[in-house]
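Q: Just so we're aligned, residue 34 is where the sequence shown starts under the numbering used here, counting upward by one.
Can you read through this structure? Questions will come right after.
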Amino acid sequence: MIYDKPKFFPAGDMALVAELGDAISPEINRKVRSLTDALEQDSIPGVFDFLPTYRSVLVYYDPIIIGSVEVQTAIAELLESASEVYSGARHIVHIPTLYGGDMGPDIEFVAQHNGIDEQEVIRIHSGADYLVYMMGFSPGFAYLGGLDEQLATPRLQSPRTEIPAGAVGIAETQTGVYPVPSPGGWQLIGRTPLRLFDPTRDQPVLLSAGDYVRFVPIKSQEEYLYIVKQVESGDYLVTESTE
34 MIYDKPKFFP
44 AGDMALVAEL
54 GDAISPEINR
64 KVRSLTDALE
74 QDSIPGVFDF
84 LPTYRSVLVY
94 YDPIIIGSVE
104 VQTAIAELLE
114 SASEVYSGAR
124 HIVHIPTLYG
134 GDMGPDIEFV
144 AQHNGIDEQE
154 VIRIHSGADY
164 LVYMMGFSPG
174 FAYLGGLDEQ
184 LATPRLQSPR
194 TEIPAGAVGI
204 AETQTGVYPV
214 PSPGGWQLIG
224 RTPLRLFDPT
234 RDQPVLLSAG
244 DYVRFVPIKS
254 QEEYLYIVKQ
264 VESGDYLVTE
274 STE
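This is how it looks when you write it as structure tokens:
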């Protein structure tokens, strides 16, 4: 449910949480992005940073310049005047993915767990557009919504000590991409040759909250390696579309 008015909670002596709803949903997340867009365009004196989440925004402020009550009043006024954003066309980032084999060692388990075959896993997983609700956990990691219930699969009983960058996985009702090497317990079904986080780029993070992700199957190992070389040379152009 979207709140008519935000609920505020203190987060220490120089931050507060503006909660805009009580569920994870695209509608509430659009409200979150409306507020963050308004904060970017109409800065509140004394507010120096903010962090959007699924259904709230953490707002940092300097208590010497502005008090908590004043921040709450300013946020409420911004929300009243803010227009609903991102409710129209989708900005879709295409993520080429090689499914199965060494790149997706757990795809067989995902298929068996859900009573389908591996090709059906690929068809379903690549047949949806996933909303980037927020960024976090590690640089470039996108929290995606929209995984089909037919693919919901428990996490690994014993997490791997290191998962390679680009690994595409499923955990419970979530799917996502590991942007950097890290430990993890997600069921790996594929890998993308794209770099979701690259500190050498002008824009290090590929995805942003409000984007949509579309996984596009790579047909062969040769095609995967070809894209790897293009990415390494800087010649690969990420496919984006608006629908």
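Think of the CB as a built atom: it goes at the ideal place given N, C-alpha and C, for glycine as much as any other residue.
Would the stretch 51-64 and the stretch 89-107 be scored as touching if the rule is three or more Cβ pairs under 8 angstroms?
A: When Cβ pairs closer than 8 angstroms are counted between the two stretches, the stretch 51-64 is seen to touch the stretch 89-107, the count reaching three or more.
Q: Hey, how far is the Cα of T225 from the Cα of L258?
A: 10 angstroms
Q: Could you check where the beta strand (DSSP E) with P85 kicks off and where it finishes?
A: From DSSP, the beta strand (DSSP E) with P85 extends over V80 to P85.
Q: How about the stretch 173-188 and the stretch 261-275: do they share at least three Cβ pairs that are nearer than 8 angstroms?
A: no
Q: Looking only at C-alpha atoms, which of E103, L221, L270 and W219 sits nearest to L239?
A: L270
Q: If you draw a straight line from the alpha carbon of Y119 to that of L111, how long is it in whole angstroms?
A: Reliability of the predicted coordinates at Y119 is poor, the pLDDT of 47 falling under 50, and the value obtained from them is presented with this limitation in mind. Whole-angstrom Cα-Cα distance: 17 angstroms.
Q: Determine which residues share a DSSP beta bridge with P129 and list them.
A: DSSP lists V249 as partners of P129.
Q: Considering only residues of the same chain and omitting the five flanking positions on each side of P197, which have a CB-CB separation below 8 angstroms?
A: Y211, P214 and R224
Q: Suppose only complete runs of 3+ residues qualify. What are the beta strand (DSSP E) ranges in the stretch 38-123, listed by chain order?
A: Runs found: 48-54, 80-85 and 89-94.
Q: Hey, out of V102, Y166 and E276, whose CA is closest to P43's CA?
A: Considering only alpha carbons, the answer is V102.
Q: Determine whether the beta carbon atoms of G243 and R123 lie at a separation below 7 angstroms.
A: no
Q: Determine the extent of the beta strand (DSSP E) in which L177 is found, giving its start and end residues.
A: A175 to G178
Q: Is the stretch 140-151 touching the stretch 182-193 in the sense that three or more CB pairs, one from each, lie closer than 8 angstroms?
A: yes
Q: What do you get for D235, buried or exposed, if any count of 16 or more other CB atoms within 10 angstroms of its CB means buried?
A: exposed
Q: Please return the same chain residues whose Cβ sits closer than 6 angstroms to the Cβ of G218, not counting the five positions on each side in sequence.
A: R188, L189 and P192
Q: With a 10 Å radius around its C-beta and 16 neighbouring C-beta atoms as the bar for buried, classify G45 as buried or exposed.
A: exposed
Q: Considering only DSSP beta bridges, list what Y163 is partnered with.
A: V246
Q: Would you check if the stretch 152-167 and the stretch 73-81 touch, i.e. whether three or more CB-CB distances between them fall below 8 angstroms?
A: no
Q: Along the chain, where does the alpha helix (DSSP H) that runs through V143 open and close?
A: Per DSSP, V143 belongs to the alpha helix (DSSP H) from I140 to N147.
Q: Is it buried or exposed for A109, if we count other Cβ within 10 angstroms and need 16 for buried?
A: Flag for A109 reads exposed.
Q: Grab the span of the beta strand (DSSP E) containing P193 for me, first residue to last.
A: This sequence places Arg at residue 193; Pro is not what is there. Counting along the chain, the beta strand (DSSP E) containing R193 begins and ends at R193 to I196.
Q: Would you report the Cα separation of I49 and F230, rounded to the nearest angstrom?
A: Inspection of the sequence shows that residue 49 is occupied by Leu rather than by Ile. When rounded, the distance between both Cα atoms is 29 angstroms.
Q: Reducing DSSP to helix, strand and coil, say where I155 ends up.
A: helix
Q: With 16 other CB atoms within 10 Å as the buried threshold, where does M34 fall?
A: Exposed: under 16 other Cβ atoms inside 10 Å.
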